[in-house]
Structures are given as C-alpha cells and as structure tokens.
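Please read the structure below before turning to the comments.
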Amino acid sequence: MSQRPGTRSSKQELNIALCVPLGGAAGIWGPSALASARLAVAELNSGSGITGRPCRLITLNAGDDAQAIEDSLVELVEEGAVDALVGMHTSAVRHDLLHAIGGRIPFVYTPLYEGGERTPGVFAIGETISRQLRPAIHWLNERHRPRRWMFVGNDYVWPRASHQVAHRFVAESGGSVVGEMFLPFGGGDYEYVLDQIREQRADAVLLSLIGQDAVDFNRAFGHAGLASHVLRLSCALGENELLGIGARNTDNLYVASGYFASLDTDANQSFKERYHSHFGVRAPTLDTFGQSTYEGIHFLAALLNDAHQRNATSASLARLGTAPLSYRSARGAVYAGGRVNRVPIYLARVDGHAFRVLTHL
C-alpha cells in the first residue's frame with residue numbers, strides 16, 4: 001500500500017518513505033521500482049511485518065525534475081510520520097537528502113553507485129563502479145582489443161566518479177581515452193557527441209548516461225551507423241531502456257550489472273514468479289533498478305528486525321548494520337556486516353530487446 005505525504009496512519013504501522021524518480025530523465029525507472037517495493041511490502045505484511053508491525057509506503061518523487069523533495073521529507077521526519085527511508089535515485093539526489101535529514105532515520109540506498117558512502121545510518125547496498133567497470137573493461141579488451149575510448153555521461157556525481165576510475169582501467173588494458181563529455185539531463189541533440197566519436201576514431205564508448213538520456217543517445221548512435229563497429233559499455237542500462245532504444249540500435253552494446261531479468265538463477269526465477277503472480281499481465285517490466293527497491297525493503301526489514309532483537313533503537317544509527325544479515329534478494333546478495341554488501345556482477349550483451357548474460361565477472 002502506498003500513501004501520499006501528509007496522510008496519517010496508525011502508530012502501529014511502520015512507515016517507509018520510498019523515494020524513486022517518477023519523472024525526468026530517470027522517470028523510466030519508476031514503474032518497476034514502485035511495483036517491486038510494493039511486492040516486498042506485501043510479502044512482509046503477509047507475515048509479521050517489520051519488528052512485528054505492518055509496514056506501509058509513502059512515495060515521494062525523486063526525479064531530477066522534482067521540486068523540493070528535501071522539504072517534503074524533512075516535514076515528514078519532523079512530524080514523526082516516517083520511520084525509515086528507501087531511496088532509488090541518482091547520487092545527486094542522495095546528497096541532497098542526506099544534507100536535509102542525514103543521521104535522523106535509517107536510509108537504505110538501493111541502486112548502483114560510485115561507492116564510498118559512510119554516513120551513519122545510511123546503507124548503500126547496490127553494486128559499485130570499480131566492481132562493475134574493471135572486470136568489464138578487461139573482458140572487452142581480451143576479446144575485442146578496443147584501443148581508443150570515448151567517455152560520455154550525464155553531468156553529476158556518479159558519471160564523473162565512474163570516468164575517473166575508468167581512465168585507470170582503460171590504461172591497464174593498454175588503451176587510451178581520446179575524449180570525455182558530460183551532458184546535462186535532457187541533452188537532446190547528440191550530433192556533436194557523435195561527430196567527436198567519429199573524429200577521434202573511437203572504437204569503444206563508455207556510457208554513463210541514465211534513463212531517457214541513455215535511450216535517446218543510443219537511438220542516435222544506431223541511426224548514425226556507429227553500432228556496427230564501435231563497442232558500447234554501460235553500467236546503468238535496464239530492460240526498459242532497451243525497449244525504448246530499439247533492437248536495430250543495440251549491436252555491440254554491453255552492460256555490466258548486478259541484475260538482469262534474464263538471469264537463470266533459482267533466486268531470480270522465484271522472484272519473477274512471485275512478481276508476475278502478484279501484478280498479473282500488466283506488471284511493469286522488471287529491471288535492475290526495480291529489483292533494487294525490492295531488495296532494499298527486505299534489507300531494511302532485516303536491519304530493523306536485528307536491531308529490535310538486540311534492543312537497539314533506530315536512534316542509535318551508528319550501531320545499525322554492524323553484524324551480518326540475511327535478507328531476501330532476487331540476485332543472491334549477502335550483507336557481510338560493517339557496510340559490506342556482496343553483490344554478484346554479470347556482463348551481458350544486448351541481443352535485440354533482451355540481455356544475453358555472458359559471464360559472472
């Protein structure tokens with residue numbers, strides 16, 4: 001069950017602020033993220049909930065076009081209307097939210113990110129760029145020998161951090177970076193970027209564009225005739241984006257990620273069966289961003305249940321998450337304690353509208 005800010009509920013409920021993009025460049029992630037979080041809540045509420053209390057979602061728009069999400073969240077926290085936060089959004093939004101409410105309620109941050117988050121009470125459980133990029137770049141080097149890389153990303157924290165470390169990984173593989181560009185959200189016309197890829201004779205492109213921007217760029221890339229001979233590598237491309245890109249534009253497109261809907265594992269097959277049984281034929285397309293909110297809700301439940309059993313309180317955020325935790329995950333992730341979350345990383349090649357998983361990196 002989801003409810004808008006400003007509504008009140010029984011004190012017997014545990015209220016979770018779910019911050020996901022519902023518009024803007026990352027709005028394409030929203031439907032799957034909402035559905036996956038709702039499935040997790042339904043599963044928990046079919047049992048004992050969280051710390052013996054039923055849980056409920058209060059959804060906030062965390063898109064790049066959202067207005068004053070920090071103000072809405074601060075108001076909810078000060079009113080005691082939310083007990084915890086699960087966020088699936090860009091790192092730029094994460095920084096804004098931490099500035100507003102950091103250290104006041106538990107915050108589970110679910111998507112892939114740049115790494116290094118150490119704020120007390122914040123648990124970043126997604127994959128990190130070093131674990132995605134280094135093995136992926138080395139794998140591509142061993143098989144395709146790209147020597148001239150172009151980096152293209154949105155202009156915010158995660159792409160800049162990704163490119164910084166990727167320079168080193170490309171050099172380790174004997175390649176060089178011949179150009180780097182950071183584009184605003186909604187970049188629109190990519191003709192100049194494509195011209196630079198041609199002029200610099202790039203044979204591989206690291207893409208750190210997100211959501212609709214990734215869709216638009218990859219369409220333009222395919223229409224420009226580059227897909228047949230220039231490799232593309234992304235760490236933030238899901239099944240929804242593939243549907244928008246179009247099968248004709250996905251040649252030589254690779255993605256390194258902790259989750260693909262096509263993963264043939266027991267955990268994922270079980271997750272997909274529950275997901276489609278719950279939502280039926282109109283279920284939003286599953287992707288890595290959606291499953292991360294499912295995982296985030298279950299991680300939060302394990303975290304708070306552990307604290308409850310040890311008579312810790314949500315106010316003692318510094319003591320949360322020190323011990324290993326078992327929680328339900330669609331990809332077999334494991335929390336080792338002390339902020340160490342072990343997430344498998346896979347490399348897939350796009351085959352039309354689907355990901356063909358090639359290897360476990």
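Just so we're aligned: the sequence shown equals residues 1 to 361 in the UniProt record's numbering. Even for Gly, the Cβ is constructed at its ideal location relative to N, Cα and C.
- For the pair residue 24 and residue 13, the Cα-to-Cα distance works out to about 31 Å.
- Less than 7 Å divides the Cβ of residue 331 from the Cβ of residue 259.
- Note that the C-beta distance between residue 348 and residue 210 is not below 7 Å.
- Shown here, residue 242 sits in a helix according to DSSP, grouped into three states.
- Proximity to residue 294 across 79, 272, 308 peaks at 272, based on C-alpha coordinates.
- Residue burial is scored here from C-beta neighbours: residue 47 has fewer than 16 other C-beta atoms within 10 angstroms and is therefore classed as exposed.
- No Cβ-Cβ contact shorter than 7 Å links residue 102 with residue 128.
- The count of Cβ pairs closer than 8 Å, one atom from the region 29-38 and one from the region 273-286, reaches three, so the stretches are in contact.
- In the three-state reduction of the DSSP assignment, residue 123 falls in the strand class, which pools E and B.
- Approximately 7 Å separates the beta-carbon atoms of residue 175 and residue 148; this is inside 8 Å, confirming the contact.
- Taken atom to atom, the span from the alpha-carbon of residue 247 to that of residue 275 is near 26 Å.
- Sixteen is the threshold: when 16 or more other Cβ atoms of the shown chains lie within 10 Å of the Cβ of residue 38, as they do, the residue is buried.
- By the C-beta density criterion, residue 192 is exposed, having fewer than 16 other C-beta atoms within 10 angstroms.
- In the displayed model, residue 161 falls within a helix according to three-state DSSP.
- In the DSSP annotation of this structure, the continuous segment of the alpha helix (DSSP H) that includes residue 294 starts and ends at 288-309.
- Counting along the chain, residue 185 sits inside no beta strand (DSSP E), nor does DSSP assign it H or E at all.
- DSSP places residue 107 in the strand class (E or B) of the three-state scheme.
- Between the alpha carbons of residue 311 and residue 194 lies a gap of roughly 58 Å.
- Contact between residue 146 and residue 253 does not hold, since their C-beta atoms are separated by about 13 Å, which reaches or exceeds 8 Å.
- Between the region 76-91 and the region 108-118, the count of C-beta pairs closer than 8 Å reaches three or more; the two stretches touch.
- For the alpha helix (DSSP H) assignment, the uninterrupted runs of no fewer than 4 residues enclosed by the region 184-243 are, from N- to C-terminal side, 191-199, 211-223.
- When secondary structure is reduced to three states using DSSP, residue 30 falls in the helix class.
- DSSP places residue 50 in the strand class (E or B) of the three-state scheme.
- If the five residues before and after residue 92 are omitted, its C-beta is found closer than 7 Å to the C-beta atoms of 156, 157, all from its own chain and listed in chain order.
- Boundaries cannot be given for residue 65, as no alpha helix (DSSP H) includes it and DSSP labels it neither H nor E.
- Note that the region 47-58 touches the region 301-310; at least 3 beta-carbon pairs, one per stretch, sit closer than 8 Å.
- Sixteen is the threshold: when 16 or more other Cβ atoms of the shown chains lie within 10 Å of the Cβ of residue 241, as they do, the residue is buried.
- Within its own chain, the residues whose Cβ lies closer than 6 Å to the Cβ of residue 328, once the five positions on either side in sequence are excluded, are 298, listed in chain order.
- Contact check for residue 206 against residue 233 passes: the beta carbons are separated by less than 7 Å.
- Shown here, residue 251 sits in coil according to DSSP, grouped into three states, outside any helix or strand.
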